[in-house]
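The structure appears right after this line, and notes come after that.
2 protein chains.
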Amino acid sequence: MQLREPGVCRVDVARGELIGATNRYVKTLADLDGLYEDTVAFDAAKRTLGDSVVYEVTDYKPSANSGDMIIGVTRMRPGKIGREYFLTRGHIHANANRPEMYYGESGCGVMLLESPEGEIRTVEIGPRTICYVPPFWIHRSANTGAKDLVMTFAYPADSGQDYGIIEEAGGMKSRVVDDGKGGWMLVDNARYLGRPASRVERVYASASAS
Amino acid sequence: MQLREPGVCRVDVARGELIGATNRYVKTLADLDGLYEDTVAFDAAKRTLGDSVVYEVTDYKPSANSGDMIIGVTRMRPGKIGREYFLTRGHIHANANRPEMYYGESGCGVMLLESPEGEIRTVEIGPRTICYVPPFWIHRSANTGAKDLVMTFAYPADSGQDYGIIEEAGGMKSRVVDDGKGGWMLVDNARYLGRPASRVERVYASASAS
Numbered sequence: 004m005q006l007r008e009p010g011v012c013r014v015d016v017a018r019g020e021l022i023g024a025t026n027r028y029v030k031t032l033a034d035l036d037g038l039y040e041d042t043v044a045f046d047a048a049k050r051t052l053g054d055s056v057v058y059e060v061t062d063y064k065p066s067a068n069s070g071d072m073i074i075g076v077t078r079m080r081p082g083k084i085g086r087e088y089f090l091t092r093g094h095i096h097a098n099a100n101r102p103e104m105y106y107g108e109s110g111c112g113v114m115l116l117e118s119p120e121g122e123i124r125t126v127e128i129g130p131r132t133i134c135y136v137p138p139f140w141i142h143r144s145a146n147t148g149a150k151d152l153v154m155t156f157a158y159p160a161d162s163g164q165d166y167g168i169i170e171e172a173g174g175m176k177s178r179v180v181d182d183g184k185g186g187w188m189l190v191d192n193a194r195y196l197g198r199p200a201s202r203v204e205r206v207y208a209s210a211s212a213s
Numbered sequence: 004m005q006l007r008e009p010g011v012c013r014v015d016v017a018r019g020e021l022i023g024a025t026n027r028y029v030k031t032l033a034d035l036d037g038l039y040e041d042t043v044a045f046d047a048a049k050r051t052l053g054d055s056v057v058y059e060v061t062d063y064k065p066s067a068n069s070g071d072m073i074i075g076v077t078r079m080r081p082g083k084i085g086r087e088y089f090l091t092r093g094h095i096h097a098n099a100n101r102p103e104m105y106y107g108e109s110g111c112g113v114m115l116l117e118s119p120e121g122e123i124r125t126v127e128i129g130p131r132t133i134c135y136v137p138p139f140w141i142h143r144s145a146n147t148g149a150k151d152l153v154m155t156f157a158y159p160a161d162s163g164q165d166y167g168i169i170e171e172a173g174g175m176k177s178r179v180v181d182d183g184k185g186g187w188m189l190v191d192n193a194r195y196l197g198r199p200a201s202r203v204e205r206v207y208a209s210a211s212a213s
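Chains A and B are the protein sequences, given in the same order. Under the numbering used here, the first residue of the first sequence carries the number 4, and numbering increases by one thereafter. Under the numbering used here, the first residue of the second sequence carries the number 4, and numbering increases by one thereafter.
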């Protein structure tokens, strides 16, 4: 049998990149339109910084097959829109019964997790912290520090990403904001709609069908 | 649905441990009887150092279910038996279509990989190196440095370990030894028997049955 060759990559923490990656993508501030609480502040920032990269992902993807794993590095710039920290778009795995591991390399941030039913959890991430995102949790990260937040991650190659689950609900239930005292806190997302039971069931069904 | 809570651990690189682990095991020198080329040197070392820990594994295991991942840290002492570097017992995944990620934290070593058919590969691991072990590769690591080799790892929770595949074949095809010039090299394992086609087929069948 012709086996896949072993892979070798290197995490460049200072650059926030995976050397030896097979894929790279970036999200600019303009790409994140609609995510933030303060739309006036967002529009003002977009006019001057719309093309700025907010986060960059480099990853090593052997294949999309069940039985492979995708490994990568994400680097997020520090910053806020109004009081709300820069964040990733967030997702649940399209094959929802798939986990993800995030591993802090430098900087500090918060992993914001939401169950399909709308329960919120947070995990603070700093250097050498591992956050295990179990199956079925919607997740997004926010950079709550003054420096780049760099994390290494790994997840099964057949996971896929469903971004729509957040958009349909008007965002995640909570937002990660500056508490004005040098730290972060959660506030309710006033635009949050929640999701109907049928949508929740569809998440769990996507897993049992796989 | 009752979801598993998100996990938080921390890699203590200096101690070579995962803080927040759910499991821990150690292998002493005596546990590694039969692995080394130089049995006279091994027996001599065992008399004085038999109880010494050669390597220690701490890991976080949410469950053994498909859809979960196990994350851990391995710490291997530096040392040699004769010219052969300290090594792990090695394994193939019992559900052989499962990969593993190793991530160098400190020290330096070599990941030795063997396909079921007996092809050998090596990957050098140092700090921030990621070695991706694709499905179906037998793998073991050797500490080729003068300090502890510490690696973080992650693999699917339903992988399992089959150690017998190495024992049945009289070890792996190659050994990682001191080249006498400050580096390492591979030499043939004189006790290597290889494995019959039926055994190779059984590896691939274990995957398709899963």
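Where a beta carbon is used, it is the ideal one built from N, C-alpha and C, also for glycine. Only a predicted model underlies this, so the values are computations on that prediction, with no experimental measurement involved.
Item, Value
"Cross-chain neighbours of residue 36 of chain A in chain B, by beta carbon under 9 angstroms", "The contacting residues do not exist; residue 36 of chain A stays about 28 angstroms from chain B at best."
"Closest by C-alpha distance to residue 75 of chain B, when choosing among B:62, B:95, B:98", "B:62"
"Listed by chain order, chain B residues near residue 71 of chain A by CB distance under 8 angstroms", "102, 137, 138"
"Span of the alpha helix (DSSP H) around residue 139 of chain B", "Note, residue 139 of chain B: premise wrong, no alpha helix (DSSP H); not H, not E."
"Minimum Cβ-Cβ distance from residue 52 of chain A to chain B less than 8 angstroms", "no"
"Continuous alpha helix (DSSP H) stretch holding residue 167 of chain A: start and end", "167–171"
"Option nearest residue 193 of chain B by Cα separation, candidates B:39, B:23, B:4, B:16", "B:39"
"7 angstroms Cβ cut-off: residues of chain A touching residue 116 of chain B", "9"
"Beta carbon proximity, residue 134 of chain A to chain B, threshold 8 angstroms", "yes"
"Contact with chain A by residue 95 of chain B, beta-carbon distance below 8 angstroms", "no"
"Span of the alpha helix (DSSP H) around residue 46 of chain B", "42–52"
"Pairwise C-alpha distance: residue 125 of chain B and residue 198 of chain A", "49 angstroms"
"Chain A residues whose Cβ lies nearer than 7 angstroms to that of residue 6 of chain B", "118, 137, 139, 140"
"Short Cβ contact (8 angstroms threshold) for residue 65 of chain A with residue 200 of chain A", "no"
"Identified DSSP bridge partners for residue 156 of chain B", "B:75, B:105"
"Given residue 115 of chain B as reference, the closest of B:169, B:206, B:7 once Cα atoms are compared", "B:169"
"Coarse secondary structure for residue 213 of chain B, derived from DSSP in three states", "Residue confidence for residue 213 of chain B is low, a pLDDT of 49 falling below 50, so the modelled location carries little weight and cannot support an answer."
"CB contact below 8 angstroms: residue 63 of chain B versus chain A", "yes"
"Delimiting residues of the beta strand (DSSP E) encompassing residue 191 of chain A", "187–191"
"Exposure of residue 88 of chain B, with buried meaning 16 or more beta-carbon neighbours within 10 Å", "buried"
"Beta-carbon proximity list for residue 54 of chain B, same chain, < 6 angstroms, skipping 5 on both sides", "31"
"Top-ranked residue by Cα proximity to residue 14 of chain B, from B:154, B:164, B:144, B:27", "B:154"
"Same chain, Cβ closer than 7 angstroms to residue 44 of chain B, five either side skipped, listed in chain order", "84, 85"
"Under the three-state DSSP convention, the category residue 115 of chain A falls into", "strand"
"Nearest residue (CA-CA) to residue 67 of chain A, options A:137, A:97, A:186, A:123", "A:97"
"Integer-rounded CB distance, given that residue 92 of chain B should sit under 8 angstroms from residue 146 of chain B", "So it is not a contact: roughly 14 angstroms between Cβ atoms."
"Cutoff 8 angstroms: residue 157 of chain B Cβ touching any chain A Cβ", "yes"
"Residue 207 of chain B versus residue 4 of chain A - alpha carbon distance", "9 angstroms"
"Inter-residue Cα distance where the pair is residue 148 of chain B and residue 73 of chain B", "27 angstroms"
"Cβ neighbour criterion (16 or more within 10 Å) applied to residue 107 of chain A", "buried"
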